Amino acid sequence: MNKKTEDLKQQALAYHAATESAGPGKIAIEITKSCDTQHDLSLAYTPGVAEPVRAIDADPDAAYRYTAKGNLVGVISDGSAVLGLGNVGALAGKPVMEGKGVLFKKFANIDVFDIEVNADSPQAFIDTVTNIAPTFGGINLEDIAAPHCFEIEKALIERLDIPVFHDDQHGTAIIIAAGLLNALEVQGKRIEEVSIVCLGAGSAGIASMRLLLSLGAKKENLFLVDRKGVIHSGREDLNAYKQAFATQTDKRTLQDAMQGADVFIGVSGPNLVDEAMLHNMAPRPVVFALSNPDPEISPGLAHDARDDLIMATGRSDYPNQVNNVLGFPFIFRGALDVRACVINEAMKVAAVKALAKLAHEPVPEVVLEAYGVKQMVFGPDYIIPKPFDPRLQDFVPPAVARAAVDSGVARLPYPTHYPPFSVE
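The numbering of the sequence shown is our numbering, which starts it at 7 and goes up by one.
This is the structure we're talking about:
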């Protein structure tokens, strides 16, 4: 371990440990009403608390008026697929879930309880989340391994009347799709016409392919690749989720799939793509190498191989970072503000288009200062907005809320404090 890595390790541990001014971890609960007198106490707890209890008993929707439910999201995991660390278990995943809570609060002022669940089966996890769901206005599933994550999310969406969103699937897919629409625009290509290779057939890969289909990609032009090669109709080892993307093709390897491809999306592992594969891609290719911290091919090698490509990674030290924080806080903000019962495909597509549209707008000085640059202009090195762009709040939640209202899944009207909004 080199000194830089060791220093970062020690800084990270110190950041999460208790200090003189704060306890261990990154989050805490705050009291939002005064509790300084005996009268305050009688209102906060007994006997006064009986009144909102009676109100909610008579009308369950009153919970949104008298409790924190409407602005409270459960970030819930079984710890089976934590970041790049794998199945570390529920407890070891807690720092990540707390971190997710920090991002919800920082970027969209949404409160979070992180819940780490020891579950010996998908059904046990589903039952646990169902039983605690009345606490929350929405559920963000996190770091659950495929294929169980698909079964879990589907069951919870069917059982619950609040938004359920697996960020590793849909958050990643939404940011990929927004960046890809813009990259294709810069390259003079259309999503309906391009050949797309996705290396990685887990939660992010499958969700991304589903969303790209919703945006106009053609199934016959999508090539999903897992550890055993191209997912084709002749394979007999495919689960139902992979089977949905099995194509009639004679392509068998990643090298075969990359031949003539317009787009490569990597959500797999480091250093799995070489320069020869990029040479074999179509003119003006798009390469999203998103394995983190080490991408499928390094930007240096990729640009050496092709001077006509547009590239994105999952890293903040290169242009075009695909970062989920651009999506999930703002998607939940829009969903909560219209009390949506689900985050549906229309809302996901609206988020994609809002993010893509924002990248076309002139970048304000405050964003340039935050990133220490003199300019950001829509083009090969700026196809995705930056996480600290304050305008995300003005673009994504209104788009999501509008789509929720228009698609009939909102229980409140479009908020009067939101601007009129269209992503078209």
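Heads up, the beta-carbon is just placed ideally off N, CA and C, and yes, glycines get one too.
All figures in this text were calculated on a predicted structure; none of them were measured in a lab.
Whole-number beta carbon distance between residue j and residue i, since they are thought to touch under 8 angstroms
i    : j    : result
S83  : M103 : 6 angstroms
V123 : A96  : 6 angstroms
N77  : L342 : 6 angstroms
R321 : P291 : Their Cβ separation, rounded to whole angstroms, is 19 angstroms, which puts R321 and P291 out of contact at 8 angstroms.
L162 : L205 : The Cβ separation is near 29 angstroms, so there is no contact.
P276 : P301 : 7 angstroms
I389 : V192 : 7 angstroms
V118 : V81  : 5 angstroms
I180 : V358 : 5 angstroms
Element boundaries [beta strand (DSSP E), containing residue i]
i    : result
E351 : No beta strand (DSSP E) holds E351; the alpha helix (DSSP H) holding it covers E351 to L364.
V79  : L78 to S83
V203 : I202 to L205
Nearest-angstrom Cα separation, counted from residue j out to residue i
i    : j    : result
D67  : A407 : 19 angstroms
V411 : H22  : 40 angstroms
H366 : G194 : 15 angstroms
L219 : V331 : 23 angstroms
F131 : K32  : 25 angstroms
L47  : K75  : 21 angstroms
G90  : D387 : 26 angstroms
K111 : D243 : 42 angstroms
A405 : M353 : 8 angstroms
F336 : A223 : 25 angstroms
G378 : L190 : 27 angstroms
V88  : A263 : 29 angstroms
P53  : H45  : 10 angstroms
V383 : P393 : 16 angstroms
R196 : F251 : 21 angstroms
Bounding residues of the alpha helix (DSSP H) (the contiguous stretch that carries residue i)
i    : result
L19  : K9 to H22
H423 : Premise fails: H423 is in no alpha helix (DSSP H) and is neither H nor E.
G31  : Premise fails: G31 is in no alpha helix (DSSP H) and is neither H nor E.
N188 : D173 to Q193
F338 : F334 to D343
P404 : L398 to D412
**OP:** Please go through the stretch 208 to 244 and give each complete alpha helix (DSSP H) segment of 4 or more residues, from N-terminal end onward.
**Re:** Along the length of the stretch 208 to 244, whole alpha helix (DSSP H) runs at least 4 residues long occupy 209 to 220, reported in chain order.
Subject >> Start-end ranges of the alpha helix (DSSP H) lying completely within the stretch 236 to 324, minimum 4 residues >> reply: Runs found: 246 to 249, 260 to 264, 281 to 285 and 305 to 311.
**OP:** Flag this pair as touching only if the stretch 226 to 233 and the stretch 416 to 425 have three or more C-beta atom pairs under 8 angstroms; answer yes or no.
**Re:** Touching, no.
**OP:** Kindly provide the ranges of any beta strand (DSSP E) runs that are 3 or more residues long and lie completely inside the stretch 112 to 170, ordered along the chain.
**Re:** 117 to 122 and 144 to 147
Original post:
Should the stretch 356 to 373 be regarded as contacting the stretch 394 to 407, the criterion being three or more beta carbon pairs within less than 8 angstroms?
Top reply: yes
Subject >> Three or more C-beta pairs below 8 angstroms linking the stretch 163 to 174 and the stretch 132 to 151 >> reply: yes
Original post:
Where are the alpha helix (DSSP H) runs, 4 residues long or more, that stay fully inside the stretch 51 to 100, in chain order?
Top reply: 56 to 64 and 69 to 72
Original post:
Which runs of the beta strand (DSSP E) spanning at least 3 residues fall entirely within the stretch 364 to 391, listed in chain order?
Top reply: As for any beta strand (DSSP E) of minimum length 3 sitting wholly inside the stretch 364 to 391, there is none.
Subject >> Contact between the stretch 251 to 259 and the stretch 273 to 289 (3+ Cβ pairs under 8 angstroms) >> reply: no
Original post:
Are three or more beta carbon pairs between the stretch 308 to 321 and the stretch 335 to 350 nearer than 8 angstroms?
Top reply: no
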